[in-house]
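Below is one structure; the comments refer to it alone.
Below, the structure is given as structure tokens:
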């Protein structure tokens with residue numbers, strides 16, 4: 041579902057902890073970039089992060105991505121779920137290992153509270169694997185000026201336990 045007119049920004053969190061994590065994340069972003077209605081994608085560096093919840097699993101590789109899109113929030117969420125499925129995502133164990141996880145964190149000018157989509161993502165601020173890459177992304181234009189409230193909520197940052205920035 042695309043909406044004619046100007047683009048809007050959306051923020052995505054991405055992670056993987058099975059297989060070739062970096063290759064999976066890069067390929068997933070390429071698939072997202074190829075979606076009708078996705079105009080551009082900018083991403084943070086890669087961050088290796090400790091698992092949350094279910095601790096007996098491999099470390100995750102995470103990033104944040106900012107998207108310029110004409111898609112609706114629901115259209116973008118549908119695209120993200122389709123890409124997850126293409127990469128073999130199976131939702132069996134909560135907080136379990138995954139080939140790919142794509143979360144729609146926020147969408148410019150939109151809020152939702154439904155079963156299919158909640159915006160902004162209700163747990164994004166309490167998770168270092170989201171906040172650290174997102175803080176990096178939102179420090180740059182074109183995101184810095186549009187997301188000032190979210191940047192303030194993220195705070196100044198600092199050393200986050202279990203999060204390590206990797207060379208991009």
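Residue numbers (the numbering used here): 41 to 208. We put the CB at the ideal spot given by N, CA and C, even for glycine.
> Looking only at C-alpha atoms, which of 54, 201, 100 sits nearest to residue 82?
Replying inline: 54
>> Count Cβ pairs between the segment 103-120 and the segment 44-52 that sit closer than 8 Å; are there 3 or more?
In response: yes
> From the DSSP output, which residues share a beta bridge with residue 52?
Replying inline: 105, 144
> By how many angstroms is the C-alpha of residue 111 removed from the C-alpha of residue 117?
Replying inline: 9 Å
>> What does the alpha-carbon distance come out to for the pair residue 182 and residue 128?
In response: 32 Å
> Considering only C-alpha positions, which residue in the set 140, 71, 68, 78 is nearest to residue 56?
Replying inline: 140
> Under a CB-based cut-off of 7 Å, is residue 91 close to chain D?
Replying inline: The structure shown contains no chain D, having only a single protein chain.
> Residue range of the beta strand (DSSP E) that residue 205 falls in?
Replying inline: 203-205
> In terms of DSSP beta bridges, what is residue 89 paired with?
Replying inline: 100, 203
> Within this structure, are the beta carbons of residue 160 and residue 102 separated by less than 7 Å?
Replying inline: no
>> I need the DSSP call for residue 72, collapsed to helix, strand or coil.
In response: helix
>> Quick check on the burial criterion: 16 or more other C-beta atoms within 10 angstroms. Buried or exposed for residue 204?
In response: exposed
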